[in-house]
Every structure is written in C-alpha cells, then in structure tokens.
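Sequential numbering of the sequence shown, starting at 1, is according to the UniProt record's numbering.
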Amino acid sequence: MDPHKFHGKDIPHIKLDPKMNIEDLVEVFANSGFNGRQLGEAAKLYAKMIEEDATICLTISGAMTPVGFGGIIKTLIERGFVDWIVTTGANVYHEDHFALGLPVKQGSFDVDDMKLYENEIVRIRDVYIKFEETLEAEDQTIQKMFADDFQDKSFTTAEFCNLLGKRSKKIAKHPEKSFITTAYDYDVPVYISTMKDSSLALNLAVHRLEDKKFDLDFVREIIEQAAIVYDSKKSGILELGGGVPKNTAQQTGPLLDQILRRNDGGQEYIIQITDARPDTGGLSGATLQEGKSWGKIQDSHEGIITVYADATIAFPILALYVLSNQKERKPKRLYKKIDQLYDKLSKDYFNNPKGG
1 MDPHKFHGKD IPHIKLDPKM NIEDLVEVFA NSGFNGRQLG EAAKLYAKMI EEDATICLTI
61 SGAMTPVGFG GIIKTLIERG FVDWIVTTGA NVYHEDHFAL GLPVKQGSFD VDDMKLYENE
121 IVRIRDVYIK FEETLEAEDQ TIQKMFADDF QDKSFTTAEF CNLLGKRSKK IAKHPEKSFI
181 TTAYDYDVPV YISTMKDSSL ALNLAVHRLE DKKFDLDFVR EIIEQAAIVY DSKKSGILEL
241 GGGVPKNTAQ QTGPLLDQIL RRNDGGQEYI IQITDARPDT GGLSGATLQE GKSWGKIQDS
301 HEGIITVYAD ATIAFPILAL YVLSNQKERK PKRLYKKIDQ LYDKLSKDYF NNPKGG
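Structure, rendered in structure tokens:
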C-alpha cells in the first residue's frame, strides 16, 4: 500500500482489562503507535519466523546475562526458538556465575565507586558482583577448564563455548542455570564475536605465558556462520542491541554475495532492539534498511523491524509472546552439522567460483 495515502487500521481507544494476557498486551502495542507499535509488530514477526521454520540467530550485546536474562535465552533454546547465537564474551563469562552459584546481586547506580572498589565490589550499572567470591572464583574455574585444551591446534569460539557448556554441566552447582550448558545439550552453536575483548580471553593469558599457544580460527567461523545462512530455506536474526554481534550475523550476506558470489541475498527477517541513533554513523544505530545496500537483507521494505527501546524491557515481552502462542520446534542441532554445512558451501564455491 502507498504509505502516502490516508489508509490503514483505525487506532482504537485502548482499554485494559485485569484478565488480559501477554497476547492481549502485544495487541495493545501493535494497535498503537510509535515504539509501542514497533514492539507489538516485532513480537508478531518473531512468531512468523518460528512458524515459517526460519533458522533464527540471536545476537546479544550489552550486559544481558548479569541481569539474569540468560534464563530467558535458555528457555528459547529449549523450545527451538533460537538456532544459533552470536554474543559478546562478557555475556558468556557472567552467565557462568549463575551455573557455579557465585553471588550476583542488585545494587545501586547512585553510589561512590571509590568505596565500592575498597569493598571489592564490581558494578555493572546497578548490578553488584563480588571481586573475590565471584570474579576470582570464575577466573580460577576458566583457567582450570582450559589448561590443557586448544593448544597447538586451531579452534573456533563455537568449539570453545561447546566445551565450556560440556564442562559446566559436569562441575557446576547449578548447570541448569546457564544457557551455555543448554546450548551444549541442544547443539546450538554459540559464537563469541570479540573473544579477546572479554575475561574469557584474559584467563587464557596465564597459559600463554607458559608458552601454550591458542590459535583462534576466526576465518573458519565466519565461513561457518555464512554456511548456516546459505543452507537455510529462510533465515532471520533477533538482535539485542547492536555492536559487533549485530554485524557478525548480518555480514553473512556480504560474505556469501560480495565475496563468494553465491547470490544468496541476505536475511529474510531481522528484528533489532536498540537505543542507538542512526545519525552518528555507527553500526549499532544503523538502520536495517541501510543494510540492504550491503546485501545484508533480502528486502528493505518488509520483514525488518527496529524497536527503539531498552532490550531489558522489550526482550522479555517478545520472548513471552512466542512462548505463549508458538508450538515447540524440533531443534535444528546446527553444531553437529557445522562441518557438513561448511563442506557444502566450499564445494559449491569451487564448483562455481564466479557464481551466477
């Protein structure tokens, strides 16, 4: 429809009822305007991605696990609503605190950080983490886990997270409180977009000083990510924030088309939840429409929705909406298929390197 004509749904005089459920609330959002409408439509688009059996990537930037949202991610994995993940290393590192039973508490943002430092309390906005009881304990665990693995051979961050999930399941006090262990159980690949920019990599430093080498094959993993998209009948992303995880998932399109000449076309669907502005030119705030010029999305007019909101507010609404009205999907178990998907893309490329 021509958006310059006076047509569309009537905006109702909205009434709230104490008996309303999450589906009713999403309808309220969808029938309103501004970012409320975007949020409602984003929830429905997520449901559509699930209904059409799209291969769904969840990207996670910002401190989502320290506020406990790893539990939401875990549930989405269990229901088959997330097939692969791109996240920051910090979200993986802090998620393991819950599995190990290490203390993470609500604190305050209006505080004297000099005094917090004296009391050995680390702050993420209004979340408190104890230096010795939590960070030191986590560091020792990570160091022991990877003292004898990945030396002198290449590895991907998906392999790193898979091993972390496997070992946390064995040694953690509460392995059920980690989406990393659940990703291991359901063969969901978890890629860390910036491994060196996290405490996970910092804890490998003690082993490197002992001349143990770690060869992260970052090129292989970007090919793996593209191979997942290449093999998908339909592909979509749910982006929590922006940053490197956002671009890591979206750059699969340019790799397939611009570099490998596969004429894939990019993602069918993307939902972006961000508070970043587009006018500064940063990737976090870049509009999804702009991504079409790079071949990151199939269509700049449909299948894409940006919600300008705090992800800690919008994400639980989207998640609860699909958990309430979508049937559980059979897990795609992409981690076990990665080599097969990689080989398929490689074979197609060498058989037809110029595309067409």
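Beta carbons: idealized from backbone N, C-alpha and C, even for Gly.
| said: Can you tell me where the beta strand (DSSP E) holding Arg-123 begins and where it ends? | reply: Position 123 of the sequence shown, counted from the first residue, corresponds to residue 123. DSSP places Arg-123 inside the beta strand (DSSP E), whose first and last residues are 121-124.
| query | Can you tell me the Cα-Cα spacing of Pro-278 and Leu-45, whole angstroms? | reply | As a position in the sequence shown, residue 278 is number 278, starting the count at 1. As a position in the sequence shown, residue 45 is number 45, starting the count at 1. Going by the C-alpha atoms only, they are around 22 Å apart.
| said: Can you give me the C-alpha to C-alpha distance between Arg-262 and Gln-250, rounded to a whole angstrom? | reply: Counting from one through the sequence shown, the residue named residue 262 turns up at place 262. Counting from one through the sequence shown, the residue named residue 250 turns up at place 250. Cα-Cα distance, rounded: 15 Å.
| Cβ-Cβ separation, Ile-77 to Thr-182 (assumed contact under 8 Å), whole Å | Translated into positions along the sequence shown, residue 182 becomes position 182. Translated into positions along the sequence shown, residue 77 becomes position 77. Contact holds; Cβ gap of about 5 Å.
| Taking the alpha-carbon positions, what's the Lys-330 to Val-188 distance? | Here residue 330 is taken as the residue at index 330 of the sequence shown, counted from 1. Here residue 188 is taken as the residue at index 188 of the sequence shown, counted from 1. One C-alpha to the other measures close to 12 Å.
| task | Note down the Cα distance separating Arg-37 from Ile-56, rounded to an integer number of angstroms. | result | Numbered from 1 along the sequence shown, position 37 holds the residue referred to as residue 37. Numbered from 1 along the sequence shown, position 56 holds the residue referred to as residue 56. Cα to Cα, the separation comes out at about 23 Å.
| field | Closer than 9 Å to chain B by CB, Leu-240 | value | Among the protein chains of the structure shown there is no chain B, as only one such chain exists.
| said: Tell me which residue opens and which closes the alpha helix (DSSP H) that Val-188 is part of. | reply: The residue you call residue 188 lines up with position 188 of the sequence shown. Looking at the DSSP string, Val-188 is not in any alpha helix (DSSP H), and its letter there is neither H nor E.
| field | Terminal residues of the alpha helix (DSSP H) in which Gly-282 lies | value | As a working mapping, residue 282 is identified with position 282 in the sequence shown. From DSSP, Gly-282 is part of no alpha helix (DSSP H); its letter is neither H nor E.
| Taking the alpha carbon of Ala-226 as the point to measure from, which residue in Lys-15, Tyr-342 and Ile-50 has its own alpha carbon closest? | Counted from its first residue, the sequence shown places residue 226 at position 226. Here the closest residue by C-alpha is Tyr-342.
| request: Taking Ile-222 as the reference, give the member of Pro-245, Leu-209 and Leu-240 with the closest Cα. | output: If you number the sequence shown from 1, residue 222 lands on position 222. The option with the nearest alpha carbon to Ile-222 is Pro-245.
| task | Would you kindly check if the distance between the Cβ of Ile-297 and the Cβ of Gln-267 is under 9 Å? | result | On the sequence shown, position 267 is the one that residue 267 refers to. On the sequence shown, position 297 is the one that residue 297 refers to. Taking 9 Å as the Cβ cut-off, Gln-267 and Ile-297 qualify as a contacting pair.
| message | Comparing C-alpha positions only, which one of Ile-228, Ser-284 and Val-307 sits nearest to Lys-344? | response | Looking up residue 344 in the sequence shown gives position 344. Of all alpha-carbon atoms in Ile-228, Ser-284 and Val-307, the one lying nearest the alpha-carbon of Lys-344 is that of Ile-228.
| message | Which complete beta strand (DSSP E) runs does the stretch 303-334 hold, if anything under 3 residues is left out? | response | 304-308
| said: Suppose you measure from the CA of Val-127 to the CA of Pro-175; what does that come to, to the nearest Å? | reply: Mapped onto the sequence shown, residue 127 falls at position 127. Mapped onto the sequence shown, residue 175 falls at position 175. Pro-175 has its alpha-carbon roughly 22 Å from the corresponding atom of Val-127.
| request: Within the same chain, show all residues whose beta-carbon is closer than 6 Å to that of Ala-201, passing over the 5 residues directly before and after it, in chain order. | output: As a working note, residue 201 is residue 201 in the sequence shown. Cβ neighbours of Ala-201 beyond the five flanking positions: Met-195.
| In chain order, what residues of the same chain have a beta carbon less than 7 Å from the beta carbon of Asp-217, not counting five sequence neighbours either side? | Counting from 1 along the sequence shown, the entry for residue 217 is found at position 217. Closer than 7 Å at the Cβ level, and outside the excluded window around Asp-217, lie Ser-154, Phe-155 and Thr-156.
| message | DSSP has Phe-214 in a bridge; who is on the other side? | response | Residue mapping note: residue 214 aligns to position 214 of the sequence shown, counting from 1. Its beta-bridge partners are Gln-151.
| said: In the DSSP assignment, the alpha helix (DSSP H) including Ile-22 goes from what residue to what residue? | reply: Start at 1 with the first residue of the sequence shown, and residue 22 comes out as number 22. Residues 22-30.
| said: With a threshold of 8 Å, are at least 3 pairs of Cβ atoms found where one atom belongs to the stretch 68-75 and the other to the stretch 313-330? | reply: Short answer: they touch.
| Would you report the Cα separation of Ile-171 and Leu-100, rounded to the nearest angstrom? | Here residue 171 corresponds to residue number 171 of the sequence shown, with the count starting at 1. Here residue 100 corresponds to residue number 100 of the sequence shown, with the count starting at 1. If you take the alpha carbons of Ile-171 and Leu-100, they lie about 8 Å apart.
| query | Roughly how many angstroms lie between the CA atoms of Leu-209 and Glu-239, to the nearest whole one? | reply | Here residue 209 refers to the residue found at position 209 when the sequence shown is read from its first residue. Here residue 239 refers to the residue found at position 239 when the sequence shown is read from its first residue. Answer to the nearest angstrom: the Cα atoms are 37 Å apart.
| task | Using a threshold of 9 Å, state whether the C-beta atoms of Asp-96 and Phe-150 are closer than that. | result | Locating residue 96 in the sequence shown gives position 96, counting from the first residue. Locating residue 150 in the sequence shown gives position 150, counting from the first residue. No. Outside cutoff.
| task | Quick one: grab the DSSP three-state call for Lys-246. | result | By 1-based counting over the sequence shown, the position of residue 246 is 246. It is helical.
| field | Range covered by the beta strand (DSSP E) that runs through Val-86 | value | Along the sequence shown, one-based indexing puts residue 86 at 86. Unbroken beta strand (DSSP E) run through Val-86: 84-87.
| said: For Ile-79, which residues in the same chain have their Cβ closer than 6 Å to its Cβ, ignoring the five residues on either side in sequence? | reply: For the purposes of this step, residue 79 is identified with residue 79 of the sequence shown, where counting begins at 1. Correcting the residue type first, residue 79 is Arg in the shown sequence and not Ile. Counting only Cβ-Cβ distances below 6 Å, and skipping sequence neighbours, we find Glu-328.
| message | Classify Val-219: buried if its beta carbon has 16 or more other beta carbons within 10 angstroms, exposed otherwise. | response | Numbered from its first residue, the sequence shown carries residue 219 at position 219. By the neighbour-count rule (16 or more Cβ atoms within 10 Å), Val-219 is not buried but exposed.
| task | Give the DSSP-derived three-state secondary structure of Val-127 in the structure shown. | result | Here residue 127 refers to the residue found at position 127 of the sequence shown. Three-state result, Val-127: strand.
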